[in-house]
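> This is the structure, below, for whatever I ask next.
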Amino acid sequence: MSSQIIDCHFEPYQLLNEHQQTLQAGSFGACACFVGSMRDFNDNASVSGMQLEHYPQMTAHYLDKLEQQARQQWPLLDCLIVHRVGAIAPNDPIVLIGCWSAHRRAALEACAWLIEELKQRAPFWKKETRPDGERWVESNTDGH
Amino acid sequence: MLSMSIEVKFFASLREKTGIAETTLEHAQTAADAWYQATGGMPKPEKVLVAINLEYADFDAKITAGDEVAFFPPVTGG
Numbered sequence: 412m413s414s415q416i417i418d419c420h421f422e423p424y425q426l427l428n429e430h431q432q433t434l435q436a437g438s439f440g441a442c443a444c445f446v447g448s449m450r451d452f453n454d455n456a457s458v459s460g461m462q463l464e465h466y467p468q469m470t471a472h473y474l475d476k477l478e479q480q481a482r483q484q485w486p487l488l489d490c491l492i493v494h495r496v497g498a499i500a501p502n503d504p505i506v507l508i509g510c511w512s513a514h515r516r517a518a519l520e521a522c523a524w525l526i527e528e529l530k531q532r533a534p535f536w537k538k539e540t541r542p543d544g545e546r547w548v549e550s551n552t553d554g555h
Numbered sequence: 355m356l357s358m359s360i361e362v363k364f365f366a367s368l369r370e371k372t373g374i375a376e377t378t379l380e381h382a383q384t385a386a387d388a389w390y391q392a393t394g395g396m397p398k399p400e401k402v403l404v405a406i407n408l409e410y411a412d413f414d415a416k417i418t419a420g421d422e423v424a425f426f427p428p429v430t431g432g
C-alpha cells in the first residue's frame, strides 16, 4: 500500500510496473489502473497550463485513509495512488491509481471507487492558465 | 502557563480572497468563530469546506486549544 505526492513529471506506467514488481509473483490475477492527465481545454476554453495546490498534511492523511477504506471494502492485494502537484502542462499525467487483486472485480471496482472519492474529497485545487488569465477551477465533474 | 494557540489555514481561492495563508488565534469556540476572528469578520462565501485536525468538520464544530483549522473551497484534484 502506497500513496505519493509528486511535484515533477512522472511516468505512470513505469511506476505501475515498478510497483507490480514488488508484489509476489503469481499472487495476483488482476491489475486495474486509472491515469488522469491534463487536457488542453476546459469549459470550451483552451488551457495552456495549470497549478495544482494541495494541503500537504491532509492529502497525505486522506490518501492513506482512502486506501485503507478501499481495502476494507474489497479483497485487494495492494494499491498505489500517485498524485501530482505544482506546475503542470497539457498531457502531463496528474493522477495514477493502481489496484491489484486475485480476481478482476475487486481491482476494477476499487479503482473506480478510489478515483471518485479522491476527486470528491482529497484536498487538491487546480488553477488554470487560459488566454484571458488564470482561473481557479470551481468544481470537479461529477462521475464523468 | 503555556498557551495552546489555534492554527488557522486558508487554501487556494480562499487564501487569495482573505489574503491569509496561515494565522494563529489565542481562542476560538467553533470553526465559524475561527473564520470570523481570522478574517476580521469577512462574510463566509457560499461554498467553503472546513477541516479540523485534517478531518472534514462542520462550521459549528467545537475547537479546542492546539487544534488546526483549515478553510478551503470545493476540491478539484484528480
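Chains as they are written, first to last, in the working numbering: chain A, 412 to 555; chain B, 355 to 432. Using N, Cα and C, we set each Cβ at its ideal position, and we do this for glycine too.
May I have the straight-line CA-CA distance separating Pro-467(A) from Ala-436(A), to the nearest angstrom?
In the first sequence, residue 467(A) corresponds to position 56, counting from 1. In the first sequence, residue 436(A) corresponds to position 25, counting from 1. Distance between the alpha carbons of Pro-467(A) and Ala-436(A): 34 angstroms.
> Quick one: what's got a C-beta closer than 8 angstroms to Phe-452(A)'s C-beta in the same chain, skipping five residues either side?
Translated into positions along the first sequence, residue 452(A) becomes position 41. Only Val-458 meet the Cβ criterion.
> Does Leu-474(A) come out as helix, strand or coil in the three-state DSSP assignment?
Position 63 of the first sequence, counted from the start, is the residue given in the question as residue 474(A). Residue state, collapsed to three classes: helix.
> Give a yes or no on whether the minimum CB-CB distance between Pro-423(A) and chain B is below 8 angstroms.
Here residue 423(A) refers to the residue found at position 12 when the first sequence is read from its first residue. False, the Cβ-Cβ gap to chain B never drops below 8 angstroms.
> Just tell me which of Gly-447(A), Lys-476(A) and Asp-503(A) has its CA closest to the CA of His-420(A).
Taking the first residue of the first sequence as 1, we reach residue 420(A) at position 9. Among Gly-447(A), Lys-476(A) and Asp-503(A), the Cα nearest to that of His-420(A) belongs to Asp-503(A).
> Who does Gln-479(A) pair with in a DSSP beta bridge?
One-based indexing of the first sequence puts residue 479(A) at position 68. According to DSSP, Gln-479(A) bridges with nothing at all.
> Tell me the rounded alpha-carbon separation between Gln-431(A) and Val-402(B).
In the first sequence, counting from the first residue as 1, residue 431(A) sits at position 20. In the second sequence, counting from the first residue as 1, residue 402(B) sits at position 48. Cα-Cα distance, rounded: 39 angstroms.
> With a cut-off of 8 angstroms, does the C-beta of Ile-416(A) fall near any C-beta of chain B?
Position 5 of the first sequence, counted from the start, is the residue given in the question as residue 416(A). For Ile-416(A), the answer is no, since every Cβ of chain B falls outside 8 angstroms of its Cβ.
> Could you tell me whether the region 414 to 421 of chain B touches the region 393 to 401 of chain B, using the rule of 3 or more Cβ pairs below 8 angstroms?
Taking 8 angstroms as the limit for Cβ pairs, the verdict is that the region 393 to 401 of chain B does not touch the region 414 to 421 of chain B.
> Under 8 angstroms between the Cβ atoms of Leu-463(A) and Phe-535(A)?
To locate residue 463(A), count along the first sequence from 1; it is residue 52. To locate residue 535(A), count along the first sequence from 1; it is residue 124. Contact flag set, yes.
> Checking contacts by CB at 8 angstroms: is Ala-573(A) closer than that to chain B?
Any property of residue 573(A) remains undetermined from this structure, which presents chain A solely from 412 to 555.
> Check whether the region 537 to 544 of chain A and the region 479 to 494 of chain A are in contact - that is, three or more C-beta pairs closer than 8 angstroms.
Output reads no: the region 479 to 494 of chain A does not touch the region 537 to 544 of chain A.
> Along chain B, in chain order, which residues have C-beta atoms closer than 9 angstroms to that of Trp-547(A)?
Translated into positions along the first sequence, residue 547(A) becomes position 136. In chain order: Ala-366, Ser-367, Glu-370, Pro-427 and Thr-430.
> Closest to Cys-490(A) by C-alpha separation, out of Thr-552(A), Gly-544(A), Ala-523(A) and Asn-455(A), would be which residue?
Looking up residue 490(A) in the first sequence gives position 79. Of Thr-552(A), Gly-544(A), Ala-523(A) and Asn-455(A), the residue nearest in Cα terms is Ala-523(A).
> Quick one, are the C-beta atoms of Leu-525(A) and Leu-477(A) less than 8 angstroms apart?
On the first sequence, position 114 is the one that residue 525(A) refers to. On the first sequence, position 66 is the one that residue 477(A) refers to. Contact flag set, yes.
> Starting from Leu-408(B), find everything on chain A with Cβ-Cβ shorter than 7 angstroms and list it in chain order.
Here residue 408(B) corresponds to residue number 54 of the second sequence, with the count starting at 1. The answer, in chain order, is Gln-468, Met-469 and His-472.
> Return no unless some Cβ of chain B is closer than 8 angstroms to the Cβ of Gly-460(A).
The count along the first sequence starts at 1 and reaches residue 460(A) at position 49. Not closer than 8 angstroms to any Cβ of chain B, the Cβ of Gly-460(A) fails to qualify, so no.
> Can you give the Cα-Cα distance for Thr-414(B) and Pro-399(B), rounded to whole angstroms?
Here residue 414(B) refers to the residue found at position 60 of the second sequence. Here residue 399(B) refers to the residue found at position 45 of the second sequence. Thr is not the amino acid found at residue 414(B); the sequence shown has Asp there. So the alpha carbons of these two residues sit roughly 16 angstroms apart.
> Any beta-carbon of chain B closer than 8 angstroms to the one on Trp-511(A)?
Here residue 511(A) refers to the residue found at position 100 of the first sequence. Not closer than 8 angstroms to any Cβ of chain B, the Cβ of Trp-511(A) fails to qualify, so no.
> To the nearest angstrom, how far is the alpha carbon of Gly-373(B) from that of Leu-427(A)?
By one-based count along the second sequence, residue 373(B) stands at place 19. By one-based count along the first sequence, residue 427(A) stands at place 16. Their backbone Cα atoms lie some 40 angstroms apart in a straight line.
> Assign Ser-414(A) to buried or exposed, taking buried as 16 or more other Cβ atoms, counted over all protein chains shown, within 10 Å of its Cβ.
Sequence index remark: in the first sequence, residue 414(A) carries index 3 (1-based). That one is buried.
> How would you call Met-355(B), buried or exposed, if buried means at least 16 neighbouring beta carbons within 10 angstroms?
As a first step, residue 355(B) is located in the second sequence; it is residue number 1 there, counting from the start. Residue placement at Met-355(B) cannot be trusted, given a pLDDT of 49 that sits under 50; what the coordinates show is reported in the next sentence. Label assigned to Met-355(B): exposed.
> Can you check DSSP and say which residues form a bridge with Ile-374(B)?
Residue numbering aside, residue 374(B) sits at position 20 when the second sequence is read from its first letter. Answer is none; Ile-374(B) lacks a bridge partner.
> According to DSSP, is Asp-451(A) helix, strand or coil?
Here residue 451(A) refers to the residue found at position 40 when the first sequence is read from its first residue. Asp-451(A): coil per DSSP, three-state reduction.
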